[in-house]
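Throughout, this note's numbering is defined as the position within the sequence shown, counted from one, plus 13.
Even glycine gets a Cβ: it sits at the ideal position worked out from N, Cα and C.
Following: one structure in structure tokens, then a few remarks.
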Amino acid sequence: MRMIDYFDRGLRIAHDRPCMIEGDTRKSYAEVATRVNAIAALLIADGFAPGAHAAVLSGNAMVAFEAVLGILRADGVWAMANNRASTGENAYLFDLLDIDTLFIHSDVADRIATFRNECPNIRRYIALDRPFAEADFYLEDRIDPDAPPVPQRRTGGAQELGFLANTGGTTGRSKGVMLTNGNWQALVSSLVASMPMTTPPVNMVAAPMTHAAGPLALASMALGGTVVILPKFEPGPVIEAIEQHRVTYMFLPPTAIYMLLSHPGVAQADFSSLQYISYAGAPMSLDRLKEAINVFGPVMNASFGQTEAPMCVTAMPPHEHLNAAGDLAHPGSCGRPNLLSIVEIMDNDGHILPPGERGEIVVRGPLVMAGYYKNPQATAEVSTYGWHHTGDIGLRDADGWFYVVDRKKDMIISGGFNVYPAEVEKALLAHDAVQDCAVVGIPDEKWGEAVIAFVEPRPGQEPQEAALIAFAREALGAVKTPKRIEIVGQLPRTNAGKVSRAELRKPYWEEAGRKI
14 MRMIDYFDRG LRIAHDRPCM IEGDTRKSYA EVATRVNAIA ALLIADGFAP
64 GAHAAVLSGN AMVAFEAVLG ILRADGVWAM ANNRASTGEN AYLFDLLDID
114 TLFIHSDVAD RIATFRNECP NIRRYIALDR PFAEADFYLE DRIDPDAPPV
164 PQRRTGGAQE LGFLANTGGT TGRSKGVMLT NGNWQALVSS LVASMPMTTP
214 PVNMVAAPMT HAAGPLALAS MALGGTVVIL PKFEPGPVIE AIEQHRVTYM
264 FLPPTAIYML LSHPGVAQAD FSSLQYISYA GAPMSLDRLK EAINVFGPVM
314 NASFGQTEAP MCVTAMPPHE HLNAAGDLAH PGSCGRPNLL SIVEIMDNDG
364 HILPPGERGE IVVRGPLVMA GYYKNPQATA EVSTYGWHHT GDIGLRDADG
414 WFYVVDRKKD MIISGGFNVY PAEVEKALLA HDAVQDCAVV GIPDEKWGEA
464 VIAFVEPRPG QEPQEAALIA FAREALGAVK TPKRIEIVGQ LPRTNAGKVS
514 RAELRKPYWE EAGRKI
């Protein structure tokens, strides 16, 4: 099956149901299908070959989703692109991924000049939302709503490339991740198995569609779901949209959930429609998790995955969060392996470790990527011993519950002891005055690396360094307790919205004449 076949399933079972809602605009599956066919017909008439690569550079927008579906309808390969990335990083990726056609929003039209210079393979630039001179033409000026149905031009086999993602560049230049039709089938199947829905979902996209929220929205269309699109995450509009549209499902990173919980309107809001709030991408404070369950109801859904094995390697659905006494049943766990994933803990020599021992989380199964685009060396390195290596340190308990300790590269060695930043961050997040935090290691003559923390306060709170250090020491002991805590107005974040530890530690290591 092709990725577009899942949209077609939604079309068949929910022909007149709203497919997408953006502001005051609603479009049914039938209306979206007509638009998508017209976009695909335009691409084909313009010389877009079967299996060619196309990207959509835009923030959250209905027309951006339509363009993605149009690429897939034309039997092209969708390359996920992040409008929040720098012009240079996008140019590098577009050239690496051999992009043929780029749909682009007016907000980033000024980047086209750079792309034309640095991405010679891009054949066509199509303006998405309005005419502008930098593009070759405006989408609305060329599409024919009465275009005949486009033909299927590829087989739809499981090994065919479906979409290209990128690693985000957290460990150097980004790599292109090849995800096949089979990977998409495994992703949709795992999502449906871990989050069964008795009614078509109403899925809100408030996190960037350029990351997990986008593919999850496309997956919900296979169930005839409605996608409610917000331009960006803001607590107030998110709460309003949940109530207005009776949202049943949404994906948010923990930081966004913290912001929702801190919003003054959350206490009076009606969240009774919610069935699932998926959270992933960073450890979540246990205290905030319990608060979220109290506020939103028993709807929290934990998961673990990464670009190379997208989104749902493991899952802990809502009914497994709490025990009979109402306490967290598996505090800190990211769940157990989904039906289509085999997950283990491995040491550096390729040995599978028993329960309770820390090592690297490794994965096998149909969810794992086909490899890195045009990078066989990196593919081989991440696939040693016949497993995909996630780069995450974790452990599993005797009942098969997995726990992520931290990223392998982020481990701090202080005074000869291994210190995992996520463990320290979890302790600090338990403090009432802490909204978010990040922990890094910096050069230190005595300790080798000293543990320091950067804390973003909750609104209206003014945490003091000494009090936070004392609080952390009680939970962690002396070795893991930060030697220093800096209070910051806002933590730096990656294009995916994750806190950037690399940016925080960079100046300290550059000052020491080293990179880490």
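- Under DSSP, the beta-bridge partners assigned to THR38 are GLU35.
- Going by C-alpha positions, LYS496 is about 33 Å away from ALA342.
- Close CB contacts of VAL447 within its chain, under the 6 Å cut and outside five residues either way in sequence, are with LEU441, VAL468 (chain order).
- The secondary-structure analysis by DSSP pairs ASN179 across a beta bridge with GLY189.
- Judged by their CB atoms, ALA54 and ALA122 are not nearer to each other than the 7 Å cut-off.
- Going by C-alpha positions, ALA92 is about 41 Å away from ASP445.
- Taken in chain order, the whole beta strand (DSSP E) runs of length 3 or more contained in the region 324-367 are 355-359.
- The beta carbon of PRO248 is closer than 6 Å to those of MET272, LEU273, HIS276 in its chain, skipping five residues each way along the sequence.
- Assignment of LEU229 by DSSP, reduced to helix, strand and coil, places it in the helix class.
- Contact check for SER427 and GLU458: beta-carbon distance about 12 Å, past the 8 Å limit, so the pair fails to qualify.
- With contacts defined as CB atoms closer than 7 Å, SER286 and THR261 qualify as a contacting pair.
- Rounded to the nearest angstrom, the Cβ distance from LEU243 to ALA230 is 12 Å, too far for a contact under 8 Å.
- Minimum Cα-Cα distance from PHE116 among the listed residues GLU131, ASN95, GLY101 corresponds to ASN95.
- DSSP places TYR271 within a helical segment (H, G or I) once states are collapsed to three.
- Under the Cβ criterion (8 Å, minimum of three pairs), the region 388-408 counts as touching the region 417-436.
- For HIS28, the three-state secondary structure derived from DSSP is coil.
- Just so you know, the alpha carbons of THR494 and ARG371 end up roughly 21 Å apart.
- For the pair TYR151 and PHE246, the Cα-to-Cα distance works out to about 28 Å.
- A direct Cα-Cα distance of roughly 27 Å separates ALA295 from GLY238.
- Inter-residue distance for HIS402 and ILE374 is about 7 Å (C-alpha atoms, whole angstroms).
- Assigned with DSSP and collapsed to three states, ARG86 falls in helix.
- Taking 7 Å as the cut-off, the Cβ atoms of ALA322 and MET313 do not count as close.
- Per DSSP, PHE107 is one residue of the alpha helix (DSSP H) stretching across 100-109.
- Secondary structure of VAL468 (DSSP, three-state): strand.
- GLN198 sits in a helix when the DSSP states are folded into three classes.
- When the five nearest sequence neighbours on each side are left out, the beta carbons in the same chain lying within less than 6 Å of the beta carbon of ASP149 are those of ARG137, TYR138, in order along the chain.
- It is roughly 9 Å from the alpha-carbon of ILE498 to the alpha-carbon of VAL452.
- Distance from the Cα of ALA337 is smallest, within the candidate group ILE358, PRO311, THR327, GLN319, for PRO311.
- DSSP, read as helix, strand or coil, puts PHE128 in helix.
- For ARG420, the uninterrupted beta strand (DSSP E) run begins and ends at 415-420, by DSSP.
- With respect to LEU24, ALA46 sits close: the two C-beta atoms are nearer than 7 Å.
- In this structure, ARG129 is the residue among ARG97, ARG129, SER99 with its C-alpha nearest to the C-alpha of ILE112.
- An exposed status is given to ILE26, since fewer than 16 other beta-carbon atoms sit within 10 Å of its beta-carbon.
- A direct Cα-Cα distance of roughly 5 Å separates TYR292 from PRO266.
- Your pair ASP410 and PRO368 checks out as a contact, with CB atoms roughly 6 Å apart and the cut at 8 Å.
- Straight-line spacing of the CA atoms in GLN281 and VAL308 works out to 10 Å.
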